[in-house]
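Top to bottom, those sequences are chains F and V.
For the first sequence, the working numbering assigns the number 343 to the last residue and increments by one with no breaks.
For the second sequence, the working numbering assigns the number 826 to the last residue and increments by one with no breaks.
Beta carbons are placed, not taken as given, at the ideal position from N, Cα and C, and that holds for glycine.
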Amino acid sequence: MAEITVNPNAAVPATEEVPGPWRDAWRAFRKNKTAVVGLCIILLFIVIALIAPLVAPFDYKEQQLMDRLKAPSSTHWFGTDDLGRDIFTRVLHGARISLWVGFFSVVGSIAAGTALGIIAGYFGKWADMIISRLFDILLAFPSILLAIAIVAILGPSLQNALYSIAIVNLPTYGRLVRAKVLSLKNEEYITSAKAIGMKNMRILFSHILPNSLTPIIVQGTLGFATAIIEAAALGFLGLGAQPPEPEWGKMLSDSRQFIQKAPWTVVFPGVSIMLTVLGFNLLGDGLRDVLDPRMKN
Amino acid sequence: MILNSYILKRLLILIPVLIGMTIIVFSIIHAIPGDPAETILGQKATEQSKEALREQLGLNKPWLQQYFTYLGDLLKGDLGKSIKTKEPIIKEILPYLAATLELTFASMLFATFVGINAGIISAWKQNSWFDYIVMITALVGVSMPIFWLGLMEQWMFSIKLHWLPSIGRMDQRDPVEAVTNLYVIDAMIAGRWDQLWTVMKHLVLPSVALGTIPMAVIARMTRSSMLEVMKSDYVRTAKAKGLSQFFVVYKHALKNASIPVLTVIGLQTGSLLGGAVLTETIFAWPGVGRYIFEAISARDYPVIQSGILIIAILFIIINLIVDLLYALIDPRIQYK
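Shown next as structure tokens:
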């Protein structure tokens, strides 16, 4: 008990861990093995995406027609495809595309979804009515089907696939934020902020948004997995990345006719999709356990 | 009474959703950048044929008038004509729809049976090797791109092992007369047990591919729900009474663990319809998904519109049934 003599002038040593919600979360996160595995997988793919052009042994567009459908060897680690392109190189470059699509589509849906969710939740009435119905309509389609419809309108390309994935997943974030805003709106500290004359915008940005962050982070991580798989699916259907882009889904559909003769052309891009998606799913589940204690089993 | 008004409210909410859906689907053809007629027919098409197509699709009329004509036709059950085959889509789509329903049903059967049992045994034998294998399979399963899983299945079980057929719905050389277009039922009606066997074999690979994600989700949910229930007092009492483990798990615990499991089964059934598009493409399964996919390649926009609309309506119906079932199954849920 004698230690509890507080010296208000004493500086907190820089090395000492300052207790706080984020630090607590980090400590809990480190103990969650599957989440750490997920994070490692993601970091691995991020590194691959960053250094792909530096370490890839070949050019991803380079065709060596003499070396078509060659089995994995010391020169071509993952073998070659039907145009004699090095699959290892293409898989490395594919990581750039998948993470790029995943990142921008998730950021896009979060930005738009959050904005709409806040408007619906905070201002209510007809704004809520219109926005909520819009979400209902978007959610009334199976997501991949809606993405296909949007790409059918815009025309097949990686860019349009990205837009369509962002639109399709927008209501997920929108609903999340709306529900959070509704539950926060009547909290006492919001009422008191209003009472002291705080402007709506300030309340939104300094109180409501920070408090909605946790579910968005969790959902965004899981949404990354969904976005990557949807982009690959669109690529597989010929509605996403176009040749010669080394997109994993497109690589699968281009090689599927050679599966009997050269199964490696199909195995490696598929494993890459699965691993990245697995990484984000593991991390997302772990973050939910850590950041959202109510969801814990 | 409360339940009735809940159903009514649930149906009323559907009206704006259905209208919104038709607007989105209607807009598909109008949102094509440039001249839709040229996009559909190609740049070499003559002005005459383009004009004829515009006339057929009603593209010359004002937007609003077109939409109401479209809506009116829909209500009469007219989905328009396919540009490619010139056939009425409503007639063409029915066999495809049956194929999709058969595939979805088989997938759900696989997912539910395997998922629930794996989840139960996992919870029962918690922290055993079986539990670990199920949990790892479930984790990998939810992250599985189904189009890749489908390709790997074909490679393994058709090309390498020659156990199962890789594409199609039945042996086309000796087809069964189509009555319902659900081939399992058609084969039974015709009493063709040999064909029933081949039809079932054709179903295995696609339904496993399509059912893997729901299976994984169901297994995880069953396990966690069972673990919770197994800790409860009445389960301990049942054990103390000396009931057999099997009886306690499958009779007492499962009943109370089933509500969250039913929830995910419902949600997953809807999502299968999206996955069907991919599965049908890989396994050359002549369902609505494949119908849409082929229409996209052929720029047959009326077919794309109708296919998407049909699947979306099916999706809504499934979700509605699931919602209403909760009201019946779980008396603890109150609907206001």
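Can you confirm whether residue i, when its beta carbon is compared against all beta carbons of chain V, has any partner nearer than 8 Å?
i	result
L324 of chain F	yes
R114 of chain F	no
Y298 of chain F	Here the sequence assigns Leu to residue 298 of chain F, which means Tyr is not the residue at that position. Output row for L298 of chain F: interface = yes.
I199 of chain F	yes
R334 of chain F	no
F75 of chain F	no
R221 of chain F	no
M320 of chain F	yes
I194 of chain F	yes
A271 of chain F	yes
So residue i contacts chain V; which residues on that side make the cut at Cβ distance below 8 Å?
i	result
P309 of chain F	W645
N327 of chain F	L629, V632 and S633
R179 of chain F	P506, V507 and G510
Determine the burial state of residue i: buried for a count of at least 16 other Cβ atoms within 10 Å of its Cβ, exposed for fewer.
i	result
T121 of chain F	exposed
V739 of chain V	buried
G681 of chain V	exposed
H652 of chain V	exposed
W775 of chain V	buried
N550 of chain V	exposed
G562 of chain V	exposed
V93 of chain F	exposed
R76 of chain F	exposed
N494 of chain V	exposed
V778 of chain V	buried
T559 of chain V	exposed
L599 of chain V	exposed
W638 of chain V	buried
P99 of chain F	exposed
Residue i versus chain F: which residues are under 9 Å apart at the beta carbon?
i	result
W614 of chain V	The premise fails here: W614 of chain V is roughly 17 Å from chain F at the closest Cβ pair, so nothing lies under 9 Å.
Tell me the rounded alpha-carbon separation between residue i and residue j.
i	j	result
M711 of chain V	S612 of chain V	11 Å
P127 of chain F	P289 of chain F	Correcting the residue type first, residue 127 of chain F is Asp in the shown sequence and not Pro. Going by the C-alpha atoms only, they are around 13 Å apart.
V694 of chain V	P704 of chain V	16 Å
W294 of chain F	D300 of chain F	10 Å
V82 of chain F	M642 of chain V	29 Å
L564 of chain V	T512 of chain V	9 Å
A166 of chain F	T160 of chain F	10 Å
A709 of chain V	T688 of chain V	29 Å
L800 of chain V	L285 of chain F	Per the sequence shown, the amino acid found at residue 800 of chain V is Ile instead of Leu. When rounded, the distance between both Cα atoms is 21 Å.
W72 of chain F	S787 of chain V	49 Å
D568 of chain V	P552 of chain V	20 Å
V214 of chain F	Q546 of chain V	31 Å
A60 of chain F	R334 of chain F	Residue placement at A60 of chain F is poorly supported in this model, since its pLDDT is 49, which falls under 50; the coordinates are not used for a value here.
T272 of chain F	V323 of chain F	8 Å
I811 of chain V	F149 of chain F	36 Å
L96 of chain F	I143 of chain F	11 Å
D684 of chain V	T602 of chain V	27 Å
A102 of chain F	G125 of chain F	14 Å
At the 8 Å Cβ level, is residue i part of the contact set with chain F, yes or no?
i	result
L561 of chain V	no
I626 of chain V	no
F805 of chain V	yes
F637 of chain V	yes
G570 of chain V	no
T594 of chain V	no
I497 of chain V	no
L768 of chain V	yes
F783 of chain V	yes
G486 of chain V	As shown, chain V starts at 491 and ends at 826. That puts residue 486 of chain V outside it, with no answer to give.
I514 of chain V	yes
I623 of chain V	no
A521 of chain V	yes
I530 of chain V	no
A699 of chain V	no
I755 of chain V	no
Output, in chain order, the set of chain F residues within a Cβ distance shorter than 7 Å of residue i.
i	result
S761 of chain V	P188
I794 of chain V	A198
T771 of chain V	L283
Interface residues of chain F around residue i at Cβ under 8 Å?
i	result
A588 of chain V	Here the premise fails: no neighbours, minimum Cβ distance about 19 Å.
L641 of chain V	L298, R302, I305, V312 and G316
M511 of chain V	I183, A186 and F187
A709 of chain V	Those do not exist, as A709 of chain V stays about 15 Å from chain F at its closest Cβ, beyond 8 Å.
Can you pull the chain V neighbours of residue i, defined as C-beta to C-beta under 9 Å?
i	result
L145 of chain F	What L145 of chain F touches in chain V: nothing, since even the nearest Cβ is about 16 Å away.
Run down chain V in chain order and give the residues with a C-beta less than 7 Å from the C-beta of residue i.
i	result
A278 of chain F	P635
Q. Mind pulling the alpha helix (DSSP H) runs of 4 or more residues that sit fully within the stretch 531 to 591 of chain V?
A. 537 to 547 and 553 to 565
Could you give the uninterrupted runs of the alpha helix (DSSP H) lying entirely in the stretch 95 to 159 of chain F, keeping only those of 4 residues or more?
none
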